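A.B. asks: In terms of my numbering, the sequence shown opens at residue 440 and continues consecutively.
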Amino acid sequence: FSEKLDAESLLKLLNEYLTAMTNILIDNKGTLDKYIGDAIVAFYGAPIQIDDHEYLACKTALSMNRKLDELRVKWKSDGDKWPEIVHNMQHRIGINAGNIVVGNMGSEMKLNYTMAGDQVNLTARLESSAKQLGITIQVGENIYNQVKDKFVFRDLGKVIVVGRDQSLNVYELVCDISENNKEISDLLEAFHEGLSHYHNQDWDKAIKSFQISNTFEDNFEGRKTNPSLVFIERSKKF
440 FSEKLDAESL LKLLNEYLTA MTNILIDNKG TLDKYIGDAI VAFYGAPIQI
490 DDHEYLACKT ALSMNRKLDE LRVKWKSDGD KWPEIVHNMQ HRIGINAGNI
540 VVGNMGSEMK LNYTMAGDQV NLTARLESSA KQLGITIQVG ENIYNQVKDK
590 FVFRDLGKVI VVGRDQSLNV YELVCDISEN NKEISDLLEA FHEGLSHYHN
640 QDWDKAIKSF QISNTFEDNF EGRKTNPSLV FIERSKKF
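(1) Please specify which runs of the alpha helix (DSSP H), each continuous and at least 4 residues long, are wholly inside the segment 440-488, giving them in chain order.
(2) Taking the alpha helix (DSSP H) that Gly633 falls in, what are its first and last residues?
(3) Between Ser648, Trp642, Gly579 and Arg511, which lies nearest to Asp625 when the distance is taken from Cα to Cα?
(4) Since Ile534 contacts Val480 with CB under 8 Å, what's their CB separation in whole angstroms?
(5) For His636, count neighbouring Cβ atoms within 10 angstroms of its own Cβ and tell me buried if that reaches 16, exposed if not.
(6) Give the single residue among Glu509, Ile616 and Ile463 whose Cα lies nearest to the Cα of Ala496.
(7) Is it true that the CB of Lys468 sits closer than 9 Å to the CB of Ile489?
(8) Taking the alpha-carbon positions, what's the Asn527 to Ile599 distance?
(9) Use the C-beta contact count for Tyr474: other C-beta atoms within 10 angstroms, 16 or more gives buried, fewer gives exposed.
(10) In terms of residue numbering, what span does the alpha helix (DSSP H) encompassing Met554 cover?
(11) For Lys597 versus Val609, is the C-beta distance shorter than 9 Å?
(12) Between Asn665 and the rest of its own chain, which residues show a CB-CB distance below 6 Å, the 5 nearest in sequence each way excluded?
(13) Skipping 5 residues on each side, what residues in its chain have a beta carbon closer than 7 Å to that of Tyr583?
(14) Is it right to say Thr458 is buried, meaning 16 or more other beta carbons lie within 10 angstroms of its own, or is it exposed?
(15) Beta carbon of Phe590, beta carbon of Cys614: below 9 Å?
(16) Between the alpha carbons of Glu660 and Glu523, how many angstroms are there, rounded?
(17) Taking the runs of the alpha helix (DSSP H) that are 4 residues or longer, which of them lie wholly in the segment 561-600?
(18) Please state whether the Cβ-Cβ distance between Met503 and Ile532 is less than 9 Å.
(19) Which residues share a DSSP beta bridge with Asn608?
(20) Kindly indicate which three-state DSSP category Ile539 falls into: helix, strand or coil?
(21) Please name the residue, chosen from Asp477, Leu471, Thr470 and Lys676, that lies closest to Leu452 on a Cα-to-Cα basis.
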């Protein structure tokens, strides 16, 4: 983006995006920690305790996706104001839950009200690794276990993230349970069947199932891959 936009235009674009996303965060009782470049760092449950923080975090992420869809339409309607890369802007979100430390951290000169801990680092890994799978929202098992009856998830199996010895199960947050439809159900049924074959090391059956699920994937503009394609390639390598 920085290559294709002058500094003033880039700043205007970022401010428009960050304002829209931060408003959604605040409306859902989230606490803004900081901006790191074009990234938003946020948490729930501090300074005021919130009981349903897992639900609110997932609701926030899905609302952010819908807002980005609206922004893309708006940017396209602006004509030649923005290059095509802006029209197809993507973002990624990692969500996790666990015990963390929240408080004023920094130096004697300047303090920030922020968070720290192993679960914070893990959440950052969930965001970054979502890119490899071609998904928008990746959540940890602590989130999934709390809200699996309220949202639709895709099981992505166990992974070992950088800096951790133990594996954990990760999931794609697909949609609210009220938005589930036959196409999503068919996608998840074929994908989860493929994942079962994959874990049993039956690579040929896994590939066939993932090829079926791939026909149901939402291959929108700007999406370079998807979980079905990723697992097809992994199965072929094995």
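We put the beta carbon where it would ideally sit given N, CA and C, even for glycine. All of these numbers come straight from a predicted model, not from anything done at the bench.
C.D. replies: Taking the structure as given:
(1) 446-466
(2) Lys621 to His638
(3) Ser648
(4) Going by Cβ atoms, the distance from Ile534 to Val480 rounds to 12 Å, so no, they are not a contact pair.
(5) buried
(6) Ile463
(7) yes
(8) 31 Å
(9) exposed
(10) It is not in any alpha helix (DSSP H) - Met554 instead sits in the beta strand (DSSP E) that spans Leu550 to Ala555.
(11) yes
(12) Gly573 and Glu656
(13) Phe592 and Tyr610
(14) exposed
(15) yes
(16) 10 Å
(17) 580-586
(18) yes
(19) Lys597
(20) coil
(21) Asp477
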